[in-house]
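Protein chains: 2
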Amino acid sequence: MALLVVGSMAFDKIETPFGISEKIVGGSATYVAYAASNFVKPIQQISIVGNDFPQEELQSLQSRGVQLDGVEVVKDKPSFFWSGRYHLDMNTRDTLVTDLNVLADFNPIVPESFQGTEFLMLGNLVPALQKSVIQQLRTRPKLIVMDTMNFWMESALADLHDVLTMVDVLLVNDSEARQLTDEFSLVKAARKILTMGPKYLIIKKGEHGALLFHGKEVFFAPALPLEDVYDPTGAGDTFAGGFIGHLAKTKDISFGNMKTAIIVGSAMASFCVEQFGVQRLKEITKQDIDERMEAFVQLVNFDIALV
Amino acid sequence: MALLVVGSMAFDKIETPFGISEKIVGGSATYVAYAASNFVKPIQQISIVGNDFPQEELQSLQSRGVQLDGVEVVKDKPSFFWSGRYHLDMNTRDTLVTDLNVLADFNPIVPESFQGTEFLMLGNLVPALQKSVIQQLRTRPKLIVMDTMNFWMESALADLHDVLTMVDVLLVNDSEARQLTDEFSLVKAARKILTMGPKYLIIKKGEHGALLFHGKEVFFAPALPLEDVYDPTGAGDTFAGGFIGHLAKTKDISFGNMKTAIIVGSAMASFCVEQFGVQRLKEITKQDIDERMEAFVQLVNFDIALV
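Chain order of the listed sequences is X and S. Using full-length UniProt numbering, the first residue of the first sequence is number 1, and each one after it goes up by one. Using full-length UniProt numbering, the first residue of the second sequence is number 1, and each one after it goes up by one.
Below, the structure is given as structure tokens:
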């Protein structure tokens, strides 16, 4: 059951109250691939990198079942670079540097070998490019999950609404949900967004967990209470990778299984933030994931028989 | 199984983005009593009111099984009055008026008829008065739950630490837990607080739910996603009333039952915020509560069999 992932592969330099990272590998598609590769193979990657992107990183992804036929390597330009500084609460950050570099020329082309994929993860990207990928697929995937951000709500709202009509699941954070709908109440915001196209909406609240909305139903997944969050960078993409990775593995896109998939996503995100970049995601085993899933069961499991 | 409640009975005037209330009945002990009276009788109330406190409100409480022998009525002074304005997020508020009035003279006396109570809820109050109540009880209650606030951490920290050594469960919000421990991580803050006396710690996070810590165990209860929060005033006290009310009803103070009790508290709080003051708490039925408990089950219930 192939999973097609579209997004950035890049370099990040991160400052947190706990320290400052080197220039390390990041990018939405990178995090999605590392998280999802624990559940599904092959992963078909569509992205763009520069002449500076490390070969060993590409090989590390390939060894996890990530096919790179769709990753364009630009010989005479550097990779996308982002640098940011997180505040103490780790939910807010200041962007210090954004060098688009090769990303400015990104025009995703779906390789012939990627046709027929059944699960599509559209990482945060120019809405018009997300639409282009959907249109290049001759067979519509069984499930299309889309991430986006406030920047596109300000600079490409019409295109964003256009893509929204084509996807099944939208992933946004709480402030983005409010901005997209002009509603402060997340329940009201969710109802509005579910009229824009997606049948499922996931609102990410960082350390405060995530909400899944579908019709009149709602499901809440907490974030695992952690002693320290070292680096939230990529946690949302890692969440998305765990979510769609579980769905692709189980081939079950029912609301019930999406609940489980959100817990899987939350578990993967809880690993991601334990170290800078993708480091922790490279280390974890199936047993680590199983143990953390059990921790989530214990975290929310209660008995109402006594009430 | 009697429940002894100590705290304020007062008047509030509340401004929210949704409107401004009249001068309405409030106070920590009032909210606790209304919430707990759905689960346990009698409730033994210790508080102080002025000559302006409405008789019909006292009768309403009595009709719900609340014994008022411990409520001192001061003939020549008005009741405690608080006025505040909530910000849009409903988690932050500005205090506009605080008239202590009779509360300045409050010296809680435990009536002989209240001796032998098995559950004690110490509402937010001067720590020295909370201690006085514990010391007046000839038989130590089976469970002592204590609420407090940042004000006492700044003005009576030594007394607060003194009382902490005498209680079983401490209720604070996230910012208070951080202030009490100088730890930003709630997990680290919890570990520190559990060395100060309480064997159980509940950290309330408002719309983001609540955490229960005990030894190395942790449980998370979400807040019910609501279309609108009209008035958060008393939500924490209502949560406390539902929590200890369920424990007193079931006579089971195990960690497992405390998980259920926190969901009961969250359910009661979700009613409280739907209208100004205690209005909604007066209306709800056993069936309303059962249906909301089921909503919490649906909100967090997932299946990991597929993972």
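Even for Gly, the Cβ is constructed at its ideal location relative to N, Cα and C.
How would you list, in chain order, the residues of chain X whose beta-carbon sits under 9 Å from the beta-carbon of residue i?
{"i": "S/M9", "result": "Those do not exist, as S/M9 stays about 28 Å from chain X at its closest Cβ, beyond 9 Å."}
{"i": "S/H87", "result": "The premise fails here: S/H87 is roughly 11 Å from chain X at the closest Cβ pair, so nothing lies under 9 Å."}
{"i": "S/L180", "result": "Ordered by position in chain X, no residue passes the 9 Å Cβ test against S/L180, which lies about 17 Å from the chain."}
Using a Cβ cut-off of 8 Å (strictly closer), state whether residue i contacts chain S.
{"i": "X/K188", "result": "yes"}
{"i": "X/V169", "result": "no"}
{"i": "X/E119", "result": "Reading off the sequence, residue 119 of chain X comes out as Phe, not Glu. No, its Cβ sits nowhere closer than 8 Å to a Cβ of chain S."}
{"i": "X/L211", "result": "yes"}
Whose Cβ in chain X lies nearer than 7 Å to the Cβ of residue i?
{"i": "S/S185", "result": "E227, D228"}
{"i": "S/V299", "result": "According to the sequence shown, residue 299 of chain S is Leu rather than Val. Per Cβ cutoff of 7 Å: V218, F219, F220."}
Using a Cβ-Cβ cut-off of 8 Å, state whether residue i counts as contacting chain X.
{"i": "S/G256", "result": "yes"}
{"i": "S/H161", "result": "no"}
{"i": "S/L247", "result": "no"}
{"i": "S/K220", "result": "The residue you asked about is not Lys; residue 220 of chain S is Phe in the sequence shown. Yes, S/F220 lies at the interface with chain X (some Cβ there is under 8 Å from its Cβ)."}
{"i": "S/I263", "result": "yes"}
{"i": "S/H214", "result": "no"}
Tell me the DSSP bridge mates of residue i?
{"i": "X/H214", "result": "X/E217"}
{"i": "S/L120", "result": "S/L4, S/I144"}
{"i": "S/G209", "result": "Looking at the DSSP assignment, S/G209 forms no beta bridge with any residue, so it has no partner."}
{"i": "S/P106", "result": "The amino acid at residue 106 of chain S is misidentified as Pro; the sequence shows Phe. S/F106 pairs with nothing; no bridge assigned."}
{"i": "X/K23", "result": "X/K13"}
{"i": "X/Y86", "result": "X/R93"}
{"i": "S/Q67", "result": "S/Q44"}
{"i": "S/M202", "result": "Note that residue 202 of chain S is Ile in the sequence shown, not Met. Paired residues: S/L171, S/L212."}
{"i": "X/F81", "result": "X/F11, X/D99"}
{"i": "X/V73", "result": "X/V49"}
Just the chain S side, please: which residues come within less than 9 Å of residue i by C-beta, in chain order?
{"i": "X/M1", "result": "Correct list: empty, because the minimum Cβ distance to chain S is about 14 Å."}
Using a Cβ-based criterion (distance less than 7 Å to any ligand heavy atom), does residue i qualify as near the ligand HEM?
{"i": "S/L224", "result": "Absence of the ligand HEM from the depicted structure is noted, as is the absence of any ligand whatsoever, leaving it without description."}
Give the list of continuous alpha helix (DSSP H) stretches no shorter than 4 residues that lie fully inside the segment 208 to 287 of chain X.
Assignment of alpha helix (DSSP H) within the segment 208 to 287 of chain X, counting only whole runs of 4 or more residues, yields 235 to 250, 255 to 272, 279 to 283 in chain order.
Contact between the segment 64 to 77 of chain S and the segment 24 to 42 of chain S is defined here as three or more beta-carbon pairs at a separation below 8 Å; is this criterion met?
A contact exists between the segment 64 to 77 of chain S and the segment 24 to 42 of chain S.
Meets three-Cβ-pair contact criterion under 8 Å: the segment 160 to 169 of chain X and the segment 120 to 137 of chain X
Between the segment 160 to 169 of chain X and the segment 120 to 137 of chain X, the count of C-beta pairs closer than 8 Å reaches three or more; the two stretches touch.
Between the segment 142 to 155 of chain X and the segment 78 to 87 of chain X, do at least 3 Cβ pairs fall closer than 8 Å?
The segment 142 to 155 of chain X vs the segment 78 to 87 of chain X: no contact.
Determine contact between the segment 294 to 301 of chain X and the segment 242 to 262 of chain X, defined as no fewer than three beta-carbon pairs at a distance below 8 Å.
Of all C-beta pairs linking the segment 294 to 301 of chain X to the segment 242 to 262 of chain X, fewer than three are shorter than 8 Å, placing the two stretches out of contact.
Taking three-plus beta-carbon pairs below 8 Å as touching, is the segment 93 to 110 of chain S in contact with the segment 125 to 137 of chain S?
The segment 93 to 110 of chain S, when compared against the segment 125 to 137 of chain S, does touch it at the 8 Å Cβ threshold.
Report yes or no: do three or more beta-carbon pairs, one from the segment 208 to 220 of chain S and one from the segment 216 to 232 of chain X, lie closer than 8 Å?
Verdict: yes, contact present.
Can at least three beta-carbon pairs, one atom from the segment 14 to 26 of chain S and one from the segment 229 to 246 of chain S, be found at a separation below 8 Å?
Three or more pairs of CB atoms, one per stretch, sit closer than 8 Å, so the segment 14 to 26 of chain S contacts the segment 229 to 246 of chain S.
Below 8 Å, can you find three or more Cβ-Cβ pairs linking the segment 47 to 64 of chain S to the segment 4 to 14 of chain S?
Cβ pair count under 8 Å is three or more, so yes.
Does the segment 276 to 288 of chain X come close enough to the segment 71 to 85 of chain X that 3 or more CB-CB pairs lie under 8 Å?
The segment 71 to 85 of chain X is not in contact with the segment 276 to 288 of chain X.
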